[in-house]
Amino acid sequence: MPLTPASRHLRRWACVLPLLVLVAGACSPGHYPQTTLRPLSDFARIGDDIQNNTLYWATGVFVLVEGALLYAIFRFRGRPDDPEPSQVHGNTVIEIIWTVIPALILAAIAVPTVRGIFQTNAIPTGDVLRVDVVGHQWWWEFRYPTLNLTTANELHIPVGQTVSLHLGSADVIHSFWPPRFAGKRDVFPNRETRLWFKAERAGEYPGQCAEFCGIQHARMAFRVRAQSPAEFQTWVAHMQTLGTKPAAAAPARDSVHTASAGATVRSDPQAAPPAGPTDPAYAAGEKLFAAKGCVGCHSLTAVNAPKGLVGPNLANVGARTYIAAGTLKNTDENLAHWIRDPQGIKKGVLMPNLGVTADEARSLVAFLRAHQ
Amino acid sequence: MTDTAHAGHLETATGLDNRKLAIWTFIGSECLFFASLISNYLVHKETWLTGPGPFPHEAWTSPAGKVFEPIIEIPLVTLGTALLLFSSLFVVLALANAQRGNRKGLLLWLGLTLLCGVFFVGMQVYEFTHFVHKGLTLKTNLFGGSFFVLTGFHGTHVTIGVIWLFTLWIEAFRGKIPPAKSLNLEIAALYWHFVDVVWVVIFPVVYLIK
Amino acid sequence: MATTALDQQRAHAAAGHEPTGLWSWITTVDHKRIGILYGATAFTFFLMGGIEALLLRIQLGTPNNTFLSPETYNELFTMHGTTMIFLAIMPLSAAFFNFIIPLQIGARDVAFPRLNAFSYWVFLLGGLFLNASWLFGAAPDTGWFGYANLTSKQYSPGLHVDFWMLGLQTLGVASLAAAVNFFTTVLNMRAPGMKLMRMPIFTWMSFITQVLLLLAFPVITVALILLMFDRFFGTNFYVPTAGGDPLLWQHLFWIFGHPEVYILILPAFGIVSEVLPVFARKPLFGYAAMVFSGIFIAFLAFGVWAHHMFATGMGPIADTYFSLATMLIAIPTGVKIFNWLGTVWGGSIQYKTPMYFALAFVAMFIIGGLSGVMHGSPPADLQQTDTYFVVAHFHYVMFGGSIFGLAAGAYYWWPKMFGRMLDERLGKLHFWLMLIGFNLTFFPMHILGLNGMPRRVYTYPEGLGFEELNLLETISAFLLAASFAVFLYNIIKTWRGPRNAPADPWNAATLEWTIPSPPQEWNFAEIPVVHGRDPLWEAKREHGGPLPEPPKVSGAGIHMPNPSYWPLVTALGLSAMMSGLMLIHHLGPWGIIAGGAILLFGVFNWAFEPAG
Chain G
-4 MPLTPASRHL RRWACVLPLL VLVAGACSPG HYPQTTLRPL SDFARIGDDI QNNTLYWATG
56 VFVLVEGALL YAIFRFRGRP DDPEPSQVHG NTVIEIIWTV IPALILAAIA VPTVRGIFQT
116 NAIPTGDVLR VDVVGHQWWW EFRYPTLNLT TANELHIPVG QTVSLHLGSA DVIHSFWPPR
176 FAGKRDVFPN RETRLWFKAE RAGEYPGQCA EFCGIQHARM AFRVRAQSPA EFQTWVAHMQ
236 TLGTKPAAAA PARDSVHTAS AGATVRSDPQ AAPPAGPTDP AYAAGEKLFA AKGCVGCHSL
296 TAVNAPKGLV GPNLANVGAR TYIAAGTLKN TDENLAHWIR DPQGIKKGVL MPNLGVTADE
356 ARSLVAFLRA HQ
Chain Y
-15 MTDTAHAGHL ETATGLDNRK LAIWTFIGSE CLFFASLISN YLVHKETWLT GPGPFPHEAW
45 TSPAGKVFEP IIEIPLVTLG TALLLFSSLF VVLALANAQR GNRKGLLLWL GLTLLCGVFF
105 VGMQVYEFTH FVHKGLTLKT NLFGGSFFVL TGFHGTHVTI GVIWLFTLWI EAFRGKIPPA
165 KSLNLEIAAL YWHFVDVVWV VIFPVVYLIK
Chain Z
563 MATTALDQQR AHAAAGHEPT GLWSWITTVD HKRIGILYGA TAFTFFLMGG IEALLLRIQL
623 GTPNNTFLSP ETYNELFTMH GTTMIFLAIM PLSAAFFNFI IPLQIGARDV AFPRLNAFSY
683 WVFLLGGLFL NASWLFGAAP DTGWFGYANL TSKQYSPGLH VDFWMLGLQT LGVASLAAAV
743 NFFTTVLNMR APGMKLMRMP IFTWMSFITQ VLLLLAFPVI TVALILLMFD RFFGTNFYVP
803 TAGGDPLLWQ HLFWIFGHPE VYILILPAFG IVSEVLPVFA RKPLFGYAAM VFSGIFIAFL
863 AFGVWAHHMF ATGMGPIADT YFSLATMLIA IPTGVKIFNW LGTVWGGSIQ YKTPMYFALA
923 FVAMFIIGGL SGVMHGSPPA DLQQTDTYFV VAHFHYVMFG GSIFGLAAGA YYWWPKMFGR
983 MLDERLGKLH FWLMLIGFNL TFFPMHILGL NGMPRRVYTY PEGLGFEELN LLETISAFLL
1043 AASFAVFLYN IIKTWRGPRN APADPWNAAT LEWTIPSPPQ EWNFAEIPVV HGRDPLWEAK
1103 REHGGPLPEP PKVSGAGIHM PNPSYWPLVT ALGLSAMMSG LMLIHHLGPW GIIAGGAILL
1163 FGVFNWAFEP AG
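Chains as they are written, first to last, in the numbering used here: chain G, -4 to 367; chain Y, -15 to 194; chain Z, 563 to 1174.
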């Protein structure tokens, strides 16, 4: 079928269009769960407002100066035999003007900046929830001293209440970064740093380490689970039951789901409920957990959890979205794979390959899955 | 020791000899080097986390009841400091003799400068050995680390100065530093003064201020 | 043998012939040859750093990629940064300092020709030392910034950090020696009549760079010495569990590191400020403002280091000070940009390749400068720092700035250096590929960074939205690499052609264009007398048109420094000492003593050798 020029034109555009859509999509913050451009807390909004203010000024300057440059490039094109242009050496008035104008623009940026510096550095008081954050190579520990709870790699926080983070490191320098809620705060060994924010919306949001901290710096992510106050209380109450012994019966899956309602991402929900302590696989897993030495680095209790352990606390590992600090989704298959070959998945991680067989891994998964 | 590329125009644009300007430039850069080392010392001198260790300035009893005697010997170091300061005067006199063409005077004063320098280095070797015997090493604590690094690098500078001046003394002995070449000594003397001045800062910071 | 070869060279030189052969390059003390050595070596390292970057980009092209292992990725990004900063951009600038400064100030050589050779050899050996780590499977892997306490023996066993720390220490010696030399050269070797405020602006910016080098490098030297004592001799300066403080490293590093940024960019400022007036056929707009803004930038460089550390939580007072000081830098930088605009405004722009690069430099540097202002605000920087937004920012400064500026300089001075014109069409192809490839590679990084992609990650998971733009960046990086293939082809192609460059191919204004291309060993048969800022333009105006081609003359009666191999021997001694230091636990002190003996031997022979 012969094409008219117009339709040929149309076809050409039809090819470009999806590309344009793709590029436009890749430029929209909505495309990025970890974006800094959609703040969800008071703290993040302070920085975002300042950034927007700066960006407007910068864009204005950019358009004017690059525009002037482009104009000059085209307007003052010369030929070799053109007469010599007038030899201007400078102009004091103009030079003073273009020194003063940037100074004024900078003042317009500096005033909100200084205000923002003092706001973000204020120590929150009143009704705050304290959380101690400890960076480890390469995972995150979260301790709630007022609640006597410990967990790892998933920070549960209530919406509408200011959380006051006290940060530290067990080894090298890391940087704690939950982009939707706050900028980075470096964590140091033997030095406490502080950060605070009040979450505005429930949901599950990604965050990650932002200071290079060794071979697996890239695999040191965490999740922030912002929950409504009631859901947060439910979660706390549930965690309080994870004492020295795992609960006699694992809580029904429903309650776990409730606890994380509003989650934006969920791992494939298991069809079958996790094995309970009566399950033979669970019992075998429990033995293996001790026999293989897992217990040397991982605690299974959320209450009164020991400090200074090398590996993440596993009291509620069965309910987490990811394992190995954001490396893999928390499916039975992935968990078994991880238990058998951590060095293959996350080379250099402190967890060694322990020669776990496929059967043993299944038992361990059954045991760990029950820790919800 | 001459390096002349300005053969076409022997006059420099500033009127200052190239090597003299260069040594001043180098000294300016070295100021930052010692400023950083001294800052490092000031940051760490009160840090005792790794203690208990020998306490430098006064007797101290550890919580366990162990008594540590002060180990710094201020009289000895003061003598070393004084001699180093005198050596700056001596090198000025040596230079004046070199410029006048008085070889004997040059050899005498430069020799005295060298003796002072050698005494200072010897004093430091004795002091370091003494500290190590008393249990203060690089590793003992951060005072030890920053003390040895700071005074050690200064001592290295003094040693380089001694070698440099000794070379010039030999040259002078062989009659190879006529007045026209006294600049060779002047450059070394500038370096020597700088090393002295640095010690004038280090001495109170380390030994006198507790 | 050596002495006879040197004698022959002297005889040659006396007869007015350029000495040739490998030995003449090893013993050369001619600033022009040393400049070419710097340029060739640095460009080779630049290509290596570029290949490292391509490997990094391949790895990041797709999520969860396994093209590189995490260790290799970390080694590559560390060596990419270290190479580009210390082995590529700095020595490429040094190539121009060496070749151009003595010519621009009307001198026959630098103040200390043998010290100059020594700087080059130490730089070469330091670069080889750093890269030798690849052969031992122990390339540095803790980032070019080497943050303590990750660099401690506990967290970085093996030789990785040792190679890095001793390699940088060696390169620091080269930089300091060169800085003393060029500081003295610029102040002392100026031709009669060339007052400070008549100096070409490239010489001015280079001079300021030397001051920064002199004041910044001692600080990193001390930081590295403390690290060395921690790793080799058991001190605990940066070990927190023993009372040390890893933040001390950050402060010392950035007191050096921020001036270092200006060390990398000021020479490019200078180059562009030479190229724009020549091709706009107008003098530099606001010469004095350009000089003083450069000085002001250098001064502020030492007062803003902690803006690299806002995320460490320094408290509101420190944050405020460092934030405001940082913003102040935008004012002199803005003055420079406006003056460049003022220079081309109303000109008669001749579109030759150097001008393309110089104009693109201005356009790209504006972007890098504006994103820099955005980091200056701590509450916003807390989000931007350590993300790809910062990677985008400093590539717009280092590549869009320094490399575009250096490329402008390369095309501009190539005829002077080698007597050959580079091909204009290939040059413009190089330019367009580089401009498009550069922007497509680095602009998307702004978007990725603000949308949550952290730096220094060997991979990223699916589902965070990073896939599309990373793939685009990877493809574009190859476009960028292709532009340098065109450049290489241009060099090879024109190298085969005749020496066709006249003394003054661009109708330029400064002294280097008054002498034949390439210049004879002694540069100026007669030392010029300078009466103004643009001496060649003034001469041409007086003459009423282009000057006749300057004749090649015999060098009879011109006294030039003798060639010497002692700088190389001394440099070898220094490198041997560094290697001995690294192997101290295997060789004991003997490696250091042997190296020290060679060093002393070199120094003494150097000192007592007749310089000519």
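From the three backbone atoms N, C-alpha and C, an ideal C-beta is built for every residue, glycine too.
For clarity, every value in this text was computed on a predicted model and none was experimentally measured.
(message) Less than 9 Å between CB atoms is the rule here; does Q203 (chain G) satisfy it with respect to chain Z?
(response) yes
(request) Taking F150 (chain Y) as the query, report the chain Z residues whose CB atoms sit under 9 Å from its CB, ordered along the chain. (result) The contacting residues do not exist; F150 (chain Y) stays about 12 Å from chain Z at best.
(message) Between the alpha carbons of T644 (chain Z) and E61 (chain G), how many angstroms are there, rounded?
(response) 32 Å
(request) Classify E(-5) (chain Y) as helix, strand or coil using the three-state DSSP reduction. (result) Looking at E(-5) (chain Y) - three-state DSSP - the assignment turns out to be coil, as it is neither helix nor strand.
(message) Which residue marks the beginning of the alpha helix (DSSP H) containing S835 (chain Z), and which one marks its end?
(response) 808 to 842
(request) Ignore the nearest five residues each way along the sequence and tell me which others in L33 (chain Y)'s own chain have a CB closer than 7 Å to its CB. (result) Any reading at L33 (chain Y) must be qualified, since the residue scores a pLDDT of 46, below 50, and its modelled position is unreliable; the value itself is stated next. No residues qualify anywhere along the chain.
(request) Specify the secondary structure class of Q82 (chain G) as computed by DSSP and reduced to three states. (result) The answer is coil: DSSP assigns Q82 (chain G) none of H, G, I, E or B.
(request) Starting from I152 (chain G), follow the beta strand (DSSP E) in both directions and report where the run begins and ends. (result) If you look at I152 (chain G), you'll find it in the beta strand (DSSP E) that goes 149 to 153.
(request) Could you please give the first and the last residue of the uninterrupted beta strand (DSSP E) stretch that includes R189 (chain G)? (result) 188 to 193
(message) In the DSSP assignment, the beta strand (DSSP E) including D181 (chain G) goes from what residue to what residue?
(response) It spans 180 to 182 - the beta strand (DSSP E) in which D181 (chain G) sits, taken as one unbroken run.
(request) Give every residue of the same chain whose Cβ lies closer than 8 Å to the Cβ of L14 (chain G), excluding the five residues on either side of it in the sequence, and list them in chain order. (result) none
(message) For chain A, check one thing: does any of its Cβ atoms lie closer than 9 Å to the Cβ of T797 (chain Z)?
(response) The question asks about chain A, but that chain is absent: this structure's protein chains are G, Y and Z.
(request) In the DSSP assignment, find the beta strand (DSSP E) that holds E136 (chain G) and state where it starts and stops. (result) 134 to 139
(message) Beta carbons nearer than 8 Å to chain G: which residues of the segment 919 to 935 of chain Z have them?
(response) So the close ones are L921, V924, A925, I928, I929, L932, S933, V935.
(request) Kindly list, in the order they appear in chain Y, the residues whose Cβ is closer than 9 Å to that of R760 (chain Z). (result) Against chain Y, a Cβ distance below 9 Å from R760 (chain Z) picks out nothing, because the smallest value is about 11 Å.
(message) So with CB distances below 9 Å, who are the chain Y contacts of P780 (chain Z)?
(response) S13, E14, C15, L16, F17, F18, A19, S20
(request) Measuring alpha carbon to alpha carbon, tell me which of G:I45, G:L124, G:L35 ends up nearest P224 (chain G). (result) G:L124
(request) Give the single residue among Y:L90, Y:T140, Y:F112, Y:C100 whose Cα lies nearest to the Cα of Q165 (chain Y). (result) The sequence shown places Lys at residue 165 (chain Y), rather than the Gln named in the question. Checked all of Y:L90, Y:T140, Y:F112, Y:C100; the closest Cα to K165 (chain Y) is Y:L90.
(request) Take F980 (chain Z) and list the residues in its own chain whose beta-carbon comes closer than 7 Å to its own, dropping the five residues that flank it on each side. (result) P1080
(request) Using three-state DSSP, classify A310 (chain G) as helix, strand or coil. (result) coil
(request) Would you mind stating whether K118 (chain Y) and I55 (chain Y) have Cβ atoms separated by less than 9 Å? (result) yes
(message) Just to make sure I have the definition right: I need the residues of chain Z whose C-beta is within less than 7 Å of the C-beta of D77 (chain G). Which are they?
(response) S910
(message) Which of the three DSSP states is assigned to F113 (chain G) in this structure?
(response) helix
(message) With H, G and I counted as helix, E and B as strand and the rest as coil, what does DSSP make of Y1051 (chain Z)?
(response) helix
(request) Measure from the C-beta of G1135 (chain Z) to each C-beta in chain G and report whether the shortest distance is under 9 Å. (result) It does not: the Cβ of G1135 (chain Z) has no partner Cβ on chain G nearer than 9 Å.
(request) With a threshold of 16 other CB atoms inside 10 Å of the CB of D263 (chain G), please say whether the residue is buried or exposed. (result) Note that D263 (chain G) scores 42 on pLDDT, short of 50, meaning its location in the model is unreliable; the coordinates nonetheless yield the value given after this. Flag for D263 (chain G) reads exposed.
(message) Suppose you measure from the CA of G343 (chain G) to the CA of F1046 (chain Z); what does that come to, to the nearest Å?
(response) 37 Å
(request) Mind reading off the beta-carbon distance from E1035 (chain Z) to T1003 (chain Z)? Whole number of angstroms is fine, and I expect it under 8 Å. (result) 5 Å
(request) Determine which residues of the segment 116 to 146 of chain Y have a Cβ less than 9 Å from any Cβ of chain Z, and write them out in chain order. (result) T121, L122, K123, N125, L126, G128, G129, S130, F132, V133, F137
(request) Evaluate contact between the segment 213 to 230 of chain G and the segment 149 to 166 of chain G, counting only Cβ atoms and requiring at least three cross-stretch pairs below 8 Å. (result) yes
(message) Taking CB distances under 9 Å as the criterion, tell me whether E1030 (chain Z) reaches chain G.
(response) yes
(request) Determine the direct distance from the alpha carbon of K914 (chain Z) to that of W8 (chain G), and round the result to whole angstroms. (result) When the Cα atoms are used, W8 (chain G) and K914 (chain Z) turn out to be separated by approximately 36 Å.
(request) Return the CA-CA distance between A863 (chain Z) and A650 (chain Z), expressed in angstroms with no decimal places. (result) The alpha-carbon atoms of A863 (chain Z) and A650 (chain Z) are separated by roughly 22 Å.
(message) Across the segment 144 to 153 of chain Y and the segment 170 to 178 of chain Y, are there enough close Cβ pairs to call them in contact, namely three or more that are closer than 8 Å?
(response) yes
(message) Using 9 Å as the threshold, is the C-beta distance between E206 (chain G) and A873 (chain Z) below it?
(response) yes
(message) Going by beta-carbon coordinates alone, are Y25 (chain Y) and V133 (chain Y) separated by less than 9 Å?
(response) yes
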